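The next block holds one structure in the form of structure tokens; read it before the comments.
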Amino acid sequence: MIHFVGAGSGAPDLITVRGQKYLEQADVIIYAGSLVNPRLLEYAKQGCEIYNSAKMTLEEVLDVMYEAEENGKMTVRLHTGDPCLYGAIREQMDALDERNISYDYCPGVSSFCGAASALNLEYTLPDVSQSVIITRMAGRTPVPEKEEIASLAAHQATMVVFLSTGMLEKLSERLIAGGYKEDTPAAIVYKATWEDEKAFTCTVGTLAETARKNNVTKTALMIIGDVVSHSHYNRSELYNPSFATEFREAVQTREE
Numbered sequence: 036m037i038h039f040v041g042a043g044s045g046a047p048d049l050i051t052v053r054g055q056k057y058l059e060q061a062d063v064i065i066y067a068g069s070l071v072n073p074r075l076l077e078y079a080k081q082g083c084e085i086y087n088s089a090k091m092t093l094e095e096v097l098d099v100m101y102e103a104e105e106n107g108k109m110t111v112r113l114h115t116g117d118p119c120l121y122g123a124i125r126e127q128m129d130a131l132d133e134r135n136i137s138y139d140y141c142p143g144v145s146s147f148c149g150a151a152s153a154l155n156l157e158y159t160l161p162d163v164s165q166s167v168i169i170t171r172m173a174g175r176t177p178v179p180e181k182e183e184i185a186s187l188a189a190h191q192a193t194m195v196v197f198l199s200t201g202m203l204e205k206l207s208e209r210l211i212a213g214g215y216k217e218d219t220p221a222a223i224v225y226k227a228t229w230e231d232e233k234a235f236t237c238t239v240g241t242l243a244e245t246a247r248k249n250n251v252t253k254t255a256l257m258i259i260g261d262v263v264s265h266s267h268y269n270r271s272e273l274y275n276p277s278f279a280t281e282f283r284e285a286v287q288t289r290e291e
């Protein structure tokens, strides 16, 4: 059996209970190099075979899985955050399907959730934004033309931008081209929930300058939108006394 496990956003105690259990039981662990906190490997039992996939090709990763299966061993494929985001898990699963090898998927805490926690941020503030766009700049890995940053920016929703720390001047340019103003609130979160986490608030126009001043060159997320400043929003109707739900009747308040 092969378990794809989300390692969480960085802090070793943010792995799920299920994920920790799989790590403790694994005969083989293939982990995603510098993106996964190495302290998680302390859960591995004695004699567990550990591989760093940062130094491996897809074919080499699959060969380790195939050999483990042939020898009746349980494998954990440990990905950063939640592997459904930029985890390249589908190609591994398809290869396993071709050989009728069983696997499952244990979710984890994504780094975009960890980044929000670093700023005590809510991405979906009433009357500010009720949508979160998770995306990346096109680099060595392209993105579909319909998902170009300026096109997505036109929605004025909260945006979380992965894998783009080295392209911040271009990111600002495309965000502004899409309709964000230069003074739109923004943030850079470096290594969310790791021990050396850093978080900086800025604006769309000062993303690159903020990164340079603070020596942030990689392993960061950018958050774009008015939710970063949370300077104006309406309270949630869910907890409004005058708002009825299936669990609570509305309370009529007397106007002063």
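The sequence shown begins at 36 in the numbering used here and counts up by one. For glycine and all other residues, C-beta sits at the position ideal for the given N, C-alpha and C. All values reported here derive from a predicted model rather than from experimental measurement.
Spatial neighbours of residue i in its chain, beta-carbon cut-off 8 Å, leaving aside the 5 residues before and after
i, result
"V71", "A42, L113, H114, T115"
"E244", "C237"
"A153", "V224, A227, T228, E232, A234"
"R270", "P161"
"C141", "H38, F39, V40, G41, T51, R53, G54, Y57"
"Y86", "V63, I64, I65, Y66, V96, V99"
Beta-carbon gap between residue i and residue j smaller than 8 Å
i, j, result
"L187", "I37", "no"
"N250", "F235", "no"
"A246", "I223", "yes"
"I124", "F197", "no"
"A294", "A89", "With the chain covering only 36 through 291, there is no way to say anything about residue 294."
"G174", "A189", "no"
"V96", "I64", "no"
"S146", "L256", "yes"
"E126", "L93", "yes"
"S207", "R171", "no"
"Y274", "V163", "no"
Range covered by the beta strand (DSSP E) that runs through residue i
i, result
"I258", "255 to 259"
"G41", "37 to 41"
"E84", "84 to 87"
"Y293", "Outside the displayed span of the chain (36 to 291) sits residue 293, for which this structure offers no information."
"D139", "138 to 141"
Proximal residues to residue i (C-beta, below 7 Å), its chain only, five neighbours per side dropped
i, result
"E291", "Here E291 scores only 42 on pLDDT, less than 50, and its place in the model should not be relied on; the value that follows carries that caveat. Result list for E291: empty, nothing under 7 Å."
"L49", "G43, V144, T228"
"G149", "S44, G45, A227, T228"
"F278", "E272, A285"
Where the alpha helix (DSSP H) containing residue i begins and where it ends
i, result
"D125", "Just to set this straight, residue 125 is Arg in the shown sequence, not Asp. Counting along the chain, the alpha helix (DSSP H) containing R125 begins and ends at 125 to 133."
Residues of its chain near residue i, where Cβ-Cβ distance is below 6 Å and the 5 sequence neighbours each way are ignored
i, result
"S137", "M36"
"R209", "I184, A185"
"G201", "none"
Sheet register partners of residue i (DSSP bridge)
i, result
"V295", "The requested residue 295 is not part of the displayed model; the chain covers only 36 to 291."
"E232", "Answer by DSSP bridge pairing: none, since E232 is not bridged."
"G116", "G43"
"W237", "Correcting the residue type first, residue 237 is Cys in the shown sequence and not Trp. A221."
"V63", "E84, T110"
"T280", "R283"
- Query: When the Cβ atoms of the segment 231 to 243 are set against those of the segment 212 to 221, are three or more pairs found closer than 8 Å?
  - Reply: yes
- Query: Counting Cβ pairs closer than 8 Å, one from the segment 257 to 268 and one from the segment 156 to 172, do we hit at least three?
  - Reply: With a cut-off of 8 Å on Cβ pairs, the segment 257 to 268 is in contact with the segment 156 to 172, counting three or more such pairs.
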